[in-house]
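Q: Got a structure for you, questions after.
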Amino acid sequence: MPLVDLDRFDFLYANRVKGMKSSATRDLMATLSRPGIISLAGGFPDTRVFGEEAFREISANVAADSAQALQYGPTSGLEGIKDVIVDVMEAEGTRAYAEDIFLTTGAQQGLDLVGKVFLDEGDAVLCEGPSYVGALNAFAAYRPRILHVPMDRAGMIPSAAREALKKARKQGIHVKFIYTVPNFQNPAGVTLAAERRLELLEIAREYDLVILEDNPYGMLRFEGEPAPTIASLEQRSGETDRVIYLGTFSKIFAPGVRLGWVHAQPGILHKINIGKQGADLCSSNLSQMLIHSYFKHADWRAYVKRLTLLYKERRDAMLDSLAEFMPNEVHWTHPEGGLFVWATLPSYIDATAMLPRAVAKNVAYVPGEGFYANGTGKNCMRLNFSFVEPDKIRRGIELLAEVVRERMEL
Ligand code: PMP
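The letter at position 406 of the sequence shown is residue 406 when you use full-length UniProt numbering, and the numbering goes up by one with no holes.
Encoded structure:
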């Protein structure tokens with residue numbers, strides 16, 4: 001193969017792509033499919049659980065209306081699926097209205113469209129520290145400042161959010177929204193406490209901002225009481241105004257259908273609609289009809305329950321083996337659901353530099369650095385437990401602990 005000059009057209013690229021970086025996980029993908037490697041790096045749900053037979057059945061239902069499945073659809077989505085989404089949101093305690101629902105190509109597109117609609121260059125977004133790397137990447141295209149707000153075991157710390165907003169206001173920086181993943185956060189695995197959800201709403205009112213509530217994992221709870229969504233808390237106060245709620249079928253059904261939704265007030269949805277027309281015209285009818293067929297005719301709640309039990313077993317395997325194998329200097333979170341554990345190594349260990357050694361030993365993780373826009377998080381790592389069987393998780397953590405010990409002895 002001839003050598004390709006990747007920088008060849010640097011003088012032509014838009015300024016906006018200069019600050020954009022590829023996600024470390026996506027880049028790792030090729031290496032991670034190597035046989036024998038135990039990957040704790042991905043964010044994959046276990047789609048093997050769904051099974052060929054169930055898939056064949058829903059596909060047959062869709063085939064009965066092939067003309068529509070193969071056609072373009074409305075930008076905001078097919079009407080039937082909005083009723084399904086109303087049910088899904090209801091199951092999490094949020095009363096949704098079909099007319100306030102807008103279908104997207106995964107929640108990922110929702111993140112991009114919110115960035116497109118709200119952010120001018122130099123505006124700011126308040127994000128958790130660490131924050132979902134896919135959101136940071138989506139926002140980066142619009143060149144905002146990312147203001148990370150520290151978290152503790154109860155999620156984003158409201159007093160720190162207030163501090164950051166006060167400081168930004170003093171500096172004349174326009175903060176447009178607060179971005180939060182309130183349940184079993186990606187990457188940290190922590191959950192925002194109920195009283196903090198209310199406090200964030202108050203802060204948003206005080207500073208007249210919107211809240212972007214990204215909730216892909218809420219229904220994958222293993223233990224503890226569910227906290228109300230921020231959207232539902234706003235509703236209880238008699239308003240449906242400043243919370244933009246993002247949902248997705250990726251974690252309760254399958255990411256392969258690439259289908260998510262935005263629930264927001266009509267003015268915001270109107271702008272998002274215009275943004276989506278320029279991006280992809282509409283989400284896939286085929287995907288919407290597959291989901292509609294499954295959620296209307298099958299017991300989707302039982303399926304989510306099955307996934308939850310499976311992931312709980314794997315989470316337990318991960319927490320148990322971390323306790324068994326890791327040196328005392330390593331700390332980690334205890335997720336009550338979702339897909340991820342966040343581990344913190346001694347401050348002198350660089351998890352990015354350590355990764356090739358781990359991969360050589362056949363175990364992979366995502367280094368923490370990518371989850372911050374400001375270069376911190378170097379001694380942290382995200383560990384996924386949803387995709388790997390318990391015995392492999394155990395072996396993976398054992399190998400990883402060996403690599404960490406090597407580094408500590410250097
Ligand atoms: N938000 C968060 C917090 C996520 O973890 C993910 C997927 N990993 C997404 C959004 C995007 O999900 P999707 O586009 O598959 O709906």
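Glycine is no exception: its CB is placed at the ideal position from the N, C-alpha and C atoms.
Keep in mind that this is a model prediction, so the values were computed, not measured.
Can you tell me whether Gln-71 is buried or exposed? The criterion is at least 16 other CB atoms within 10 Å of its CB, across all chains shown.
A: On the sequence shown, position 71 is the one that residue 71 refers to. Under this definition Gln-71 is an exposed residue.
Q: Which same chain residues end up closer than 8 Å to Tyr-294 when comparing Cβ atoms and leaving out the 5 residues on each side of it in sequence?
A: Your numbering for residue 294 matches position 294 in the sequence shown. Around Tyr-294: Ala-54, Ile-58, Phe-253 and Trp-300.
Q: Pairing CB atoms from the stretch 253-268 with CB atoms from the stretch 121-138, are three or more of them under 8 Å?
A: Taking 8 Å as the limit for Cβ pairs, the verdict is that the stretch 121-138 does not touch the stretch 253-268.
Q: Could you give the distance in angstroms between the alpha-carbon of Val-181 and the alpha-carbon of Pro-2?
A: Working through the sequence shown from its first residue, we reach residue 181 at position 181. Working through the sequence shown from its first residue, we reach residue 2 at position 2. Rounded to the nearest angstrom, the two C-alpha atoms are 44 Å apart.
Q: Does the Cβ-Cβ distance between Thr-75 and Lys-271 come in under 8 Å?
A: Locating residue 75 in the sequence shown gives position 75, counting from the first residue. Locating residue 271 in the sequence shown gives position 271, counting from the first residue. Taking 8 Å as the Cβ cut-off, Thr-75 and Lys-271 do not qualify as a contacting pair.
Q: Is any non-hydrogen atom of the ligand PMP found closer than 7 Å to the C-beta of Tyr-372, if you look at the structure I gave you?
A: In the sequence shown, the residue the question calls residue 372 occupies position 372. Not under cutoff, so the answer is no.
Q: Going by DSSP, which residues form a beta bridge with Tyr-179?
A: Sequence index remark: in the sequence shown, residue 179 carries index 179 (1-based). Per DSSP, Cys-127 and Leu-212.
Q: Take the Cβ of Phe-139 as the centre, count every other Cβ of all protein chains shown within 10 Å, and call the residue buried at 16 or more, exposed below.
A: Here residue 139 refers to the residue found at position 139 when the sequence shown is read from its first residue. Buried, because 16 or more other Cβ atoms sit within 10 Å of the Cβ of Phe-139.
Q: Do Asn-215 and Asn-183 have their CB atoms nearer than 8 Å?
A: Stepping through the sequence shown from its first residue, residue 215 is reached at position 215. Stepping through the sequence shown from its first residue, residue 183 is reached at position 183. Contact flag set, yes.
Q: Taking only three categories from DSSP, how would you classify Ile-363?
A: The residue you call residue 363 lines up with position 363 of the sequence shown. The displayed chain sequence assigns Val, not Ile, to residue 363. The answer is strand: DSSP assigns Val-363 an E or B state.
Q: Under three-state DSSP, which class holds Pro-226?
A: Taking the first residue of the sequence shown as position 1, residue 226 is located at position 226. DSSP places Pro-226 in coil when its eight states are reduced to three.
Q: Where does the unbroken beta strand (DSSP E) through Leu-383 begin, and where does it stop?
A: Reading the sequence shown from its first residue, position 383 is the one you call residue 383. From DSSP, the beta strand (DSSP E) with Leu-383 extends over 380-384.
Q: How many Å lie between Lys-378 and Glu-406 at the Cα?
A: Here the question's residue 378 lines up with position 378 in the sequence shown. Here the question's residue 406 lines up with position 406 in the sequence shown. So the alpha carbons of these two residues sit roughly 17 Å apart.
Q: Could you give the uninterrupted runs of the beta strand (DSSP E) lying entirely in the stretch 277-346, keeping only those of 3 residues or more?
A: For the stretch 277-346, whole beta strand (DSSP E) runs of length 3 or above, ordered along the chain, are 340-344.
Q: Near Ile-101, what residues of its chain come up, given a Cβ to Cβ distance below 6 Å and the 5 sequence neighbours on each side ignored?
A: Within the sequence shown, numbered from 1, the residue matching residue 101 stands at position 101. Excluding sequence neighbours, Ile-101 sits near Lys-82, Ile-85, Trp-261 and His-263.
Q: Helix, strand or coil for Ile-81? Go by DSSP, reduced to three states.
A: Taking the first residue of the sequence shown as 1, we reach residue 81 at position 81. Helix at Ile-81.
Q: Quick test of your reading: Ala-107 and Leu-246, contact by CB under 8 Å. State the CB separation rounded to the nearest angstrom.
A: One-based indexing of the sequence shown puts residue 107 at position 107. One-based indexing of the sequence shown puts residue 246 at position 246. Correct: roughly 5 Å between the Cβ atoms.
Q: Ile-146 and Ala-373 look like a contact to me (Cβ under 8 Å); what is the Cβ gap, rounded to whole Å?
A: For this step, residue 146 is matched to residue 146 along the sequence shown. For this step, residue 373 is matched to residue 373 along the sequence shown. Right, their Cβ atoms sit about 4 Å apart.
Q: For the stretch 385-393 against the stretch 350-364, are there 3 or more C-beta pairs whose distance is under 8 Å?
A: Output reads no: the stretch 350-364 does not touch the stretch 385-393.
Q: By Cβ distance, which residues of its chain are closer than 8 Å to Leu-241, with the 5 residues on each side in sequence left out?
A: Translated into the one-based positions of the sequence shown, residue 241 becomes position 241. Looking at the sequence shown, residue 241 is not Leu but Asp. Around Asp-241: Glu-234 and Gln-265.
Q: Please indicate yes or no: does the CB of Asn-186 lie closer than 7 Å to some heavy atom of the ligand PMP?
A: One-based indexing of the sequence shown puts residue 186 at position 186. Result yes, Cβ under 7 Å from the ligand PMP.
Q: If you measure from each CB to the nearest heavy atom of the ligand PMP and keep those under 7 Å, what residues do you get, in chain order?
A: Those residues are Gly-43, Gly-106, Ala-107, Gln-108, Gln-109, Leu-111, Tyr-132, Gly-134, Ala-135, Val-181, Asn-186, Asp-214, Pro-216, Leu-246, Thr-248, Ser-250, Pro-255, Arg-258 and Gly-260, given in chain order.
Q: Using the Cβ count rule (16 or more neighbours within 10 Å means buried), how would you classify Lys-170?
A: Within the sequence shown, the letter at position 170 stands for residue 170. It is exposed - the Cβ of Lys-170 has fewer than 16 other Cβ atoms within 10 Å.
Q: Beta strand (DSSP E) containing Met-151: first to last residue?
A: For the purposes of this step, residue 151 is identified with residue 151 of the sequence shown, where counting begins at 1. Its beta strand (DSSP E) spans residues 145-152.
Q: Could you tell me whether any non-hydrogen atom of the ligand PLP is closer than 7 Å to the CB of Arg-197?
A: Inclusion of the ligand PLP in the displayed structure is not the case, the ligand content consisting of the ligand PMP alone.
Q: Measuring straight from C-alpha to C-alpha, what distance separates Ser-287 and Thr-105?
A: Position 287 of the sequence shown, counted from the start, is the residue given in the question as residue 287. Position 105 of the sequence shown, counted from the start, is the residue given in the question as residue 105. Ser-287 and Thr-105: Cα-Cα distance of roughly 10 Å.
Q: Using only alpha-carbon positions, find the residue among Arg-48, Leu-269 and Leu-383 that is nearest to Tyr-303.
A: Residue mapping note: residue 303 aligns to position 303 of the sequence shown, counting from 1. Per the Cα distances, Arg-48.
Q: So, does the stretch 155-172 touch the stretch 397-406, judging by three or more C-beta pairs under 8 Å?
A: No contact exists between the stretch 155-172 and the stretch 397-406.
Q: Are the CB atoms of Glu-336 and Glu-195 within a distance shorter than 8 Å?
A: On the sequence shown, residue 195 is found 195 positions in, with the first residue counted as 1. On the sequence shown, residue 336 is found 336 positions in, with the first residue counted as 1. Cβ distance not < 8 Å, so Glu-195 and Glu-336 don't count as in contact.
Q: Does Thr-47 come out as helix, strand or coil in the three-state DSSP assignment?
A: Mapped onto the sequence shown, residue 47 falls at position 47. Reduced to three states, the DSSP call for Thr-47 is helix.
Q: How about Ala-193 and Thr-94: are their beta carbons less than 8 Å apart?
A: In the sequence shown, counting from the first residue as 1, residue 193 sits at position 193. In the sequence shown, counting from the first residue as 1, residue 94 sits at position 94. Not in contact: Ala-193 and Thr-94 (Cβ atoms no closer than 8 Å).
Q: Report the three-state DSSP secondary structure of Val-262 (helix, strand or coil).
A: Taking the first residue of the sequence shown as 1, we reach residue 262 at position 262. In this structure, Val-262 counts as strand in the three-state DSSP scheme.
Q: Can you tell me the Cα-Cα spacing of Pro-130 and Ser-283, whole angstroms?
A: By 1-based counting over the sequence shown, the position of residue 130 is 130. By 1-based counting over the sequence shown, the position of residue 283 is 283. Those two C-alpha atoms are separated by around 30 Å.
Q: Output the distance between the C-alpha atoms of Leu-6 and Leu-12, rounded to the nearest integer angstrom.
A: Here the question's residue 6 lines up with position 6 in the sequence shown. Here the question's residue 12 lines up with position 12 in the sequence shown. Their Cα atoms are separated by approximately 13 Å.
Q: Using DSSP bridges, identify the partner residues of Ile-38.
A: Taking the sequence shown and counting its residues from 1, the one referred to as residue 38 is at position 38. The partner list for Ile-38 (beta bridge, DSSP) reads Val-363.
Q: Count the other CB atoms, across all protein chains shown, that sit within 10 Å of the CB of Gly-338; report buried if there are 16 or more and exposed otherwise.
A: Indexing the sequence shown from 1 puts residue 338 at position 338. Buried, by the Cβ-count rule.
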